[in-house]
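S.K.: The structure that follows is given in the form of structure tokens.
Below you can see the structure in the form of structure tokens.
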């Protein structure tokens with residue numbers, strides 16, 4: 005990862021960009037599958053979550069979710 009050097013201050017949003025890619029990596033010391041609390045696994049989970057949080061949302065999807073929530077409220081009342 006590379007950080008935009010112009011954004012040195014905390015008041016300015018830093019811009020990060022990928023400096024390279026890789027197809028695979030080896031996590032040494034795992035004789036069995038990593039647990040849910042494994043730091044590497046949690047970091048990779050965080051990347052997937054961050055991608056979803058920062059991805060654009062279509063207006064149609066928002067409206068459909070609001071309708072579903074209203075329907076649920078009506079059923080619970």
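In the numbering used here, the protein residues as written are 5 to 81. We treat Cβ as the ideally placed atom computed from N, Cα and C, and that holds for glycine.
#1: With distances taken between CB atoms, is the gap from residue 40 to residue 46 smaller than 9 Å?
#2: Taking only three categories from DSSP, how would you classify residue 50?
#3: Once the 5 residues before and after residue 24 are set aside, which same chain residues still bring their CB inside 6 Å of it?
#4: Let's see if you can read the secondary structure: which residues bound the alpha helix (DSSP H) around residue 80?
M.R.: Answer, in terms of the structure:
#1: yes
#2: helix
#3: none
#4: 63-80
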